[in-house]
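In this text, residue positions in the sequence shown follow the working numbering: the first is 90, and each later residue adds one. Backbone N, C-alpha and C fix where the C-beta goes; we use that ideal spot for every residue, glycine too.
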Amino acid sequence: MLVTEIRAEKYDLPLREPFRIALGSVEKSGNVLVRVSSGELYGIGECAPPRFITGESQRGCLSFIESIKDSLIGTELTPETLDDKLKDFSDMPSARAGLDIALHDLIARKLSTPLYKLLGGYRNRVETDITIGITSPEDVERKVHQALSEGYRIIKLKVEGNIRRDFERVRAVGELGVRIRIDANQGFSPREAVEFIKKVDGFDVELIEQPVHAGDIEGLRYVRDNSEIPVFADESVLGPADALNVIRQNSVDGINIKLMKAGGITGAIRILHVAESAEIPCMIGCMLESRVSLTAGAHFALAFKNVRYVDLDSHNFLKDDPVRGGMEVRRGWIRVPDSPGLGIEGVENCFEF
Ligand SMILES: [Mg+2]
């Protein structure tokens, strides 16, 4: 596609309430909306810079796109050539993701096909969990009841790395007979993680994500070797080289892929293929994203068989949903429109939609 214009805008998303995980607490998500045009046709993407994980910021994403766009405008771009041009900026994965998503949207619109059909077209719906941040066991229980009433069947529960308090949180979900995915966001030491996993053994815990520090791949393997519950990596795997590393070291049962860590759909596909070659299943997760990039994640999940776990729910944390069109969630099941590209019609107060 001949790219004729690239624009990036601040895209501030206040949250309904502060969202707390083991790495910190946030009250708003400072994202960036990206538009890549070819003549009259355009595609849109979103950067949701995960400060705690990649160290990126909204301002950093805006200035990166501003600095790079002149070298992209006027050239023929495909996802692969874009990825190649940006390969030296591995420290800006969410900024690259915004451009990569917008380009994918643009190309699929040009070809008049929903993006997931172009990528792989494996299925037409996926079931997502819903996430509960770190809060009191009473509040966890209240939120689980709310989620169940909305039709969700799987809870992703954030824990802080305190065995006693985290056990109470797990119990608040587990006693209701609901399936749980635990996410420790690096909160435990390897030994603490094993002790915690033994304690929650009686509940329906499907997996535990990133129990130990991102750089502690040996610790991750220790937990895996001593756990009845599958151990997934999240922060330990940003790109395909990291995936290869944790797989070689026999440290994981699964990998949580996120477009914002991987530099977009192109990088996510590479991780997926590395994992699939080793028969390691993947999850598609998200940062604090609106339904623009969540929809891109949904297309990725629909396209590929090896995306076996879906955690695309951050729009629930936002005070407002400014996106028209895009993915829909009904009783936990995600579908996308049968229209070209991502299927997004517009975003309130952004560009001139
Ligand atoms: Mg995680």
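Check: Euclidean distance between Cα positions of isoleucine 336 and methionine 372; Outcome: 15 Å
Check: Glycine 374: CB within 7 Å of a non-hydrogen atom of ligand 1; Outcome: yes
Check: Selection from Pro370, Asp290, His362 that minimises the alpha carbon distance to aspartate 342; Outcome: Pro370
Check: Nearest neighbour of aspartate 323, chosen from Gly435, Thr143, Ser160, Thr355 [CA to CA]; Outcome: Thr143
Check: C-beta contact flag for aspartate 189 and glycine 353 at 8 Å; Outcome: yes
Check: Distance, leucine 130 Cα to alanine 191 Cα; Outcome: 11 Å
Check: Residue closest to leucine 296, alpha-carbon to alpha-carbon, out of Val229, Arg198, Met376, Ala273; Outcome: Ala273
Check: Distance cut-off 7 Å: aspartate 272 Cβ against heavy atoms of ligand 1; Outcome: yes
Check: Inter-stretch contact at 8 Å, needing at least 3 Cβ pairs: the region 95-106 / the region 258-274; Outcome: no
Check: For phenylalanine 277, the three-state DSSP class (helix, strand or coil); Outcome: coil
Check: Helix, strand or coil at aspartate 228 [DSSP, three-state]; Outcome: helix
Check: Own chain partners of threonine 164 with C-beta closer than 7 Å, once the 5 adjacent residues on each side are dropped; Outcome: Val92
Check: Own chain residues within Cβ distance below 6 Å of glycine 308, not counting five before or after; Outcome: Pro279, Val301
Check: Span separating the alpha-carbon of proline 411 from that of valine 436; Outcome: 5 Å
Check: Beta-carbon proximity check, glutamate 249 vs proline 226, cutoff 8 Å; Outcome: no
Check: Selected residue, minimal CA-CA separation from arginine 82, among Phe292, Thr384, Arg124; Outcome: Given that the chain is displayed from residue 90 to residue 442, the structure contains no residue 82 and the question cannot be resolved.
Check: Contact belief for glycine 132 with leucine 195 at Cβ below 8 Å, rounded distance in angstroms; Outcome: 3 Å
Check: Cβ-based neighbour list, phenylalanine 321, same chain, cut-off 6 Å, excluding 5 preceding and 5 following; Outcome: Leu296, Glu298, Gly343, Asn345
Check: For tyrosine 241, the three-state DSSP class (helix, strand or coil); Outcome: coil
Check: According to DSSP, residues forming a beta bridge with leucine 175; Outcome: For leucine 175, which the question treats as bridged, DSSP gives no partner whatsoever.
Check: The region 283-290 in contact with the region 134-148 per 3-pair CB rule at 8 Å; Outcome: no
Check: Endpoints, alpha helix (DSSP H) assigned at threonine 143; Outcome: 140-143
Check: Contact check, lysine 245 vs isoleucine 223, beta carbons under 8 Å; Outcome: no
Check: Close beta carbons around valine 418, own chain, < 7 Å, minus the five adjacent residues each side; Outcome: Thr217
Check: CA-to-CA distance, asparagine 213 to valine 425, given in whole angstroms; Outcome: 8 Å
Check: Rounded straight-line distance, which links the Cα of glutamine 338 to that of tyrosine 311; Outcome: 11 Å
Check: Proline 212 in three-state terms, based on DSSP; Outcome: It is worth fixing the name first, because residue 212 is arginine in this sequence and not proline. If DSSP states are grouped into helix, strand and coil, arginine 212 belongs with coil.
Check: Those residues which DSSP pairs with glycine 430 across a bridge; Outcome: Pro203
Check: beta-carbon glutamate 298 near ligand 1 non-hydrogen atom, thresh 7 Å; Outcome: yes
Check: Residue closest to proline 203, alpha-carbon to alpha-carbon, out of Gly432, Asn438, Lys350; Outcome: Gly432
Check: Alpha helix (DSSP H) runs contained entirely in the region 325-373, provided each spans 4 or more residues; Outcome: 329-337, 348-351, 354-366
Check: Straight-line gap, lysine 117 to histidine 404 (C-alpha atoms, nearest Å); Outcome: 12 Å
Check: Beta-carbon gap between arginine 380 and methionine 349 smaller than 8 Å; Outcome: no
Check: Residues sharing a beta bridge with threonine 80, DSSP; Outcome: Outside the displayed range of the chain (90 to 442) lies residue 80, so it cannot be described from this structure.
Check: Asparagine 345 Cβ short of 7 Å to ligand 1 heavy atom set; Outcome: yes
Check: Residue of Asp305, Phe285, Leu333 minimising C-alpha distance to asparagine 315; Outcome: Phe285
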